[in-house]
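K.L.:
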Amino acid sequence: MDFFHSMLIGFQIALQPGNLFFCFIGVLIGTLVGVLPGLGPVAAISLLLPTTFHVTPVSAIIMLAGIYYGAMYGGSTTSILVNIPGEAASVVTCLDGYKMARQGRAGPALGIAAFGSFIAGTIGVIGLMLIAPPLAEMALKFGPPEYFSLMIMGLTILTFLASGPMWKALLMAAFGLFLGCVGMDTLMGATRFTFDIVELSDGIGLVPVVMGLFGISEVLLNVEQSMERSIFETKIRNLLPTLKDWGDSIAAILRGTVIGFFLGVLPGGGAVISSFVSYAVEKKVSKHPEKFGTGVIQGVAGPESANNAATGGAFIPLLTLGIPANAVMAILLGAMMIHGMQPGPMLVKEQPGLFWGAITSMYLGNVMLLVLNLPLIGLWVKILKVPYPILFPLILLFCLIGAYSLNNSIVEVLIMVIFGLIGYLFKKFEYEAAPLILALVLGPMLETALRRSLLLSAGDPMIFLTRPISAVLMLISFFLLAYPLVPWLRKKRATFPKGEVED
Amino acid sequence: MSGINNDQVSAAVWFIVGLVISIASVPYGLGTLDSPQTGFLPFLAGMAITLFSFIGLVHSTLKQKKGVGWKPTMQGLVWKKSLIVLVTLFAYVLLLKPLGFFLCTALFIGFLLRAVQPQRWPVVVVGAIGTAIGAYGIFEVWLKAQLPKGPWGF
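So the sequence lines, in the order shown, correspond to chains B and X.
Read in my numbering, the first sequence has 75 at position 75, and its numbers run on one by one without any break.
Plus 503 on top of the position in the second sequence (first one is 1) and you've got my numbering.
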């Protein structure tokens, strides 16, 4: 089946009225959760997952994916107008976006964010289309040692890129691995650390943990601060960027796209990291780095493009290897499994309709977002004007219902609240939760791959270094872990922008 | 030399957590390298936590010697508000089954609207009842989620 034939099949599926409707609902909800501070794509997808049980698998995946990349579009609006990032990937957009708004250039800032997102999102989808099938072919050659090494590399990259001391990030990853061990040991059939709680025999659910660490803890931190939020009152005009704006931004958009796409592909990378890296790169290549933070359009165009391109890239390890690159992908993995699909190298061969349908829907979704976002900015601003003291009980309620309705279990709600408290303490003591989440997701797969590899090699751990692909992946991990011994590398990491890595 | 710092405290807690996990993994059976058992990976994870927290302890102690002391985590913040929210969340978990979704949700929303940053009573009452009706309508009636019912059937 050639590429164009595959795309044709994809468009035939994505253009079906039902699928178009779910794509539209997905991007609309995504934009809304992107706009609302405190409710990110992870919480929104978790919350809406049970509602997809009655629709076809392809419609479900189209809608859930739409929420993810839709949130990246919506996040920029709050960053620019309120100086509060709607979701973590738009943190860096505040720096120049809000300054542009204060200078009366909210329109071009919002416009270039939307156009940059569209260009990057579209190129990201094209990259996904081109790279995923050959990678899936290659992944068929992967055995347990290669999978193990790849997951170790993903965890190492995330800990390397996390802000703060590396020991904290590694500690978080180790704790995440432990949490991933709770429940049934899939190889032996025995249960671990369940304390006779039936709900724990299937393991600690990712959704309650993520909602607790990112949703509940965020609300706890927000309520103890002043809840006054001032929206910069300005007439938003000239949403279409001028030729000069385009001239200033186009290179930043393209660089952001490339950075976002490739960081999105890496397990452990993702939208948040790519937006920070893109900002750092723009500052570095600029002739006037001192102007960054004062309202330069490249500071909006680059990161906003990067976080959208990353969403396309993040689908590659999920669809080709069955490995989620971040928490959102992990929930999508769960959603696909609930719908009877097994993401991995065989997906593109066994279910080409679903694979290509989902991918082409992202292209359509990007068009919808562009059409949707610019005219609806006024509506999003109105939603932002809802005072936080009224908004936060609703956010909490969504989280509570979301955690409960997954398995109709009060234990999962309790787990979410406990992790809300833990997440609050993590933030107070400056521990990043992202490595924990990735390790929790990868934990069971990593354990299976490790134990199978050791069984294969009769207990010889050198199996990870004697197989070429595995050896390369392991060497990259060793290199990253050994950074404290290499002074110039340590210096480079120290200059890495500080920010929460949580997608 | 400054007083004890935040990282020293958190690393010490993690050190204990790591040891507890490692010790608790042993009864599940560690096995051997050629036949790892159920407790193998949790044990490794626990040991890794212990190791990294030890590195953290050393790192933060060196920083303490350079004058890095305790950084207040609650300065300028109204921590009572987050405590109220947290307690309310635990109360919701406890009361959801006995009271049922509708009543529990109305009380939850009403209490938070009034207790954290007090809203006027009409806003509290309308907000609480309206949200409970809306959420019940969307999730129970429309999306057929099976939310807990109290003794009165809703």
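Glycine is no exception: its CB is placed at the ideal position from the N, C-alpha and C atoms.
Bear in mind that the values here come from a model prediction, so they are computed numbers and not experimental data.
Just confirm the distance between the C-beta atoms of P50 of chain B and S405 of chain B, as a whole number of angstroms; I'd bet it's less than 8 Å.
P.N.:
At roughly 5 Å, the Cβ-Cβ gap stays under 8 Å, so P50 of chain B and S405 of chain B are in contact.
K.L.:
Let me confirm a value: D510 of chain B is counted as buried when at least 16 other C-beta atoms fall within 10 Å, else exposed. Which label applies?
P.N.:
Here chain B covers residues 1 to 503 and nothing more, so residue 510 of chain B does not appear.
K.L.:
If A439 of chain B and G176 of chain B are in contact, beta carbons under 8 Å, what's the gap, nearest whole angstrom?
P.N.:
About 3 Å; that satisfies the 8 Å criterion.
K.L.:
By a C-beta neighbour count over all protein chains shown, 10 Å radius and 16 as the cutoff for buried, is F355 of chain B buried or exposed?
P.N.:
With 16 or more Cβ atoms within 10 Å of its Cβ, F355 of chain B is classed as buried.
K.L.:
What residues in its chain sit with their C-beta under 8 Å from that of E430 of chain B, if we drop five residues either side in the sequence?
P.N.:
Around E430 of chain B: G164, K168.
K.L.:
Is it right to say N19 of chain B is buried, meaning 16 or more other beta carbons lie within 10 angstroms of its own, or is it exposed?
P.N.:
Classification for N19 of chain B: buried.
K.L.:
Shorter than 9 Å from the beta carbon of A335 of chain B to some beta carbon of chain X?
P.N.:
Cβ-Cβ to chain X under 9 Å: no for A335 of chain B.
K.L.:
What would DSSP say about T448 of chain B, mapped onto helix, strand or coil?
P.N.:
If DSSP states are grouped into helix, strand and coil, T448 of chain B belongs with the helices.
K.L.:
I want to verify the contact list: residues of chain X whose CB lies under 7 Å from the CB of Y147 of chain B, in sequence order.
P.N.:
By Cβ distance, chain X contributes nothing, its closest Cβ being about 15 Å from Y147 of chain B, past 7 Å.
K.L.:
Determine, using beta carbons only, whether F611 of chain X comes closer than 9 Å to chain B.
P.N.:
Output row for F611 of chain X: interface = yes.
K.L.:
Nearest chain X C-beta to T51 of chain B closer than 9 Å, yes or no?
P.N.:
Yes, contact with chain X.
K.L.:
Chain X beta carbons: is any one of them nearer than 9 Å to that of R467 of chain B?
P.N.:
Closer than 9 Å: no.
K.L.:
Can you say whether V371 of chain B is buried or exposed, counting buried as having 16 or more other CB atoms within 10 angstroms of its CB?
P.N.:
Looking at its Cβ environment, which holds fewer than 16 other Cβ atoms inside 10 Å, V371 of chain B is exposed.
K.L.:
Distance, Cα to Cα, G542 of chain X vs V627 of chain X?
P.N.:
Cα to Cα, G542 of chain X sits roughly 51 Å from V627 of chain X.
K.L.:
Do Y147 of chain B and A458 of chain B have their beta-carbon atoms positioned less than 9 Å apart in this structure?
P.N.:
Contact: no.
K.L.:
Pull the bridge partners of T191 of chain B from the DSSP assignment, please.
P.N.:
Bridge partners of T191 of chain B: B:M184.
K.L.:
Report the rounded CA-to-CA distance for A101 of chain B versus L81 of chain B, giving the unit in angstroms.
P.N.:
Going by the C-alpha atoms only, they are around 6 Å apart.
K.L.:
Quick check: the region 60–70 of chain B against the region 419–436 of chain B, are there 3 or more CB pairs under 8 Å?
P.N.:
Output reads no: the region 419–436 of chain B does not touch the region 60–70 of chain B.
K.L.:
Within the continuous alpha helix (DSSP H) that includes W380 of chain B, where are the two ends?
P.N.:
Counting along the chain, the alpha helix (DSSP H) containing W380 of chain B begins and ends at 352–384.
K.L.:
Would you kindly report the start and end of the unbroken alpha helix (DSSP H) that includes A113 of chain B?
P.N.:
A113 of chain B -> alpha helix (DSSP H) spans 106–139.
K.L.:
For I395 of chain B, which option in B:F11, B:L32, B:M7 has the closest C-alpha, if you only look at C-alpha atoms?
P.N.:
Considering only alpha carbons, the answer is B:L32.
K.L.:
Distance check for V300 of chain B and T93 of chain B, CA to CA, integer angstroms please.
P.N.:
Their backbone Cα atoms lie some 5 Å apart in a straight line.
K.L.:
Would you identify the three-state DSSP class for V501 of chain B, choosing helix, strand or coil?
P.N.:
In this prediction, V501 of chain B has a pLDDT of 43, which is less than 50 and means its spatial position is unreliable; what the coordinates show is noted afterwards. Here V501 of chain B sits in coil by DSSP.
K.L.:
Quick one: what's got a C-beta closer than 7 Å to A638 of chain X's C-beta in the same chain, skipping five residues either side?
P.N.:
Excluding sequence neighbours, A638 of chain X sits near T608.
K.L.:
Quick check on D510 of chain X: does DSSP put it in helix, strand or coil?
P.N.:
It is helical.
K.L.:
How big is the Cα-Cα spacing for E502 of chain B and V272 of chain B?
P.N.:
Because E502 of chain B carries a pLDDT of 44, less than 50, the predicted location of this residue cannot be relied on, and the following value inherits that uncertainty. Those two C-alpha atoms are separated by around 7 Å.
K.L.:
Just the Cα atoms here: how many angstroms apart are N509 of chain X and F657 of chain X?
P.N.:
When rounded, the distance between both Cα atoms is 47 Å.
K.L.:
Using a Cβ cut-off of 8 Å, pull out every chain B residue sitting near G580 of chain X, in sequence order please.
P.N.:
The sequence given here has Leu at residue 580 of chain X, not Gly. The contacting residues are E224, Q225.
K.L.:
Report the residue from B:L442, B:P393, B:G402 whose alpha carbon sits nearest the alpha carbon of Q622 of chain X.
P.N.:
Comparing Cα-Cα distances from Q622 of chain X to each of B:L442, B:P393, B:G402, the minimum goes to B:P393.
K.L.:
Between A327 of chain B and the rest of its own chain, which residues show a CB-CB distance below 6 Å, the 5 nearest in sequence each way excluded?
P.N.:
Once the five neighbours on either side are set aside, the close Cβ partners of A327 of chain B are V42, V210, I437.
K.L.:
F429 of chain B touches chain X at which residues, Cβ-Cβ below 7 Å?
P.N.:
Near F429 of chain B (Cβ distances below 7 Å), the residues of chain X are N509, S513.
K.L.:
CA-CA distance, G572 of chain X and K566 of chain X?
P.N.:
Cα to Cα, G572 of chain X sits roughly 8 Å from K566 of chain X.
K.L.:
Would you please state the rounded distance, in angstroms, between the beta carbons of G256 of chain B and S217 of chain B? I believe it to be under 8 Å.
P.N.:
Rounded, the Cβ-Cβ distance is 29 Å, inconsistent with contact.
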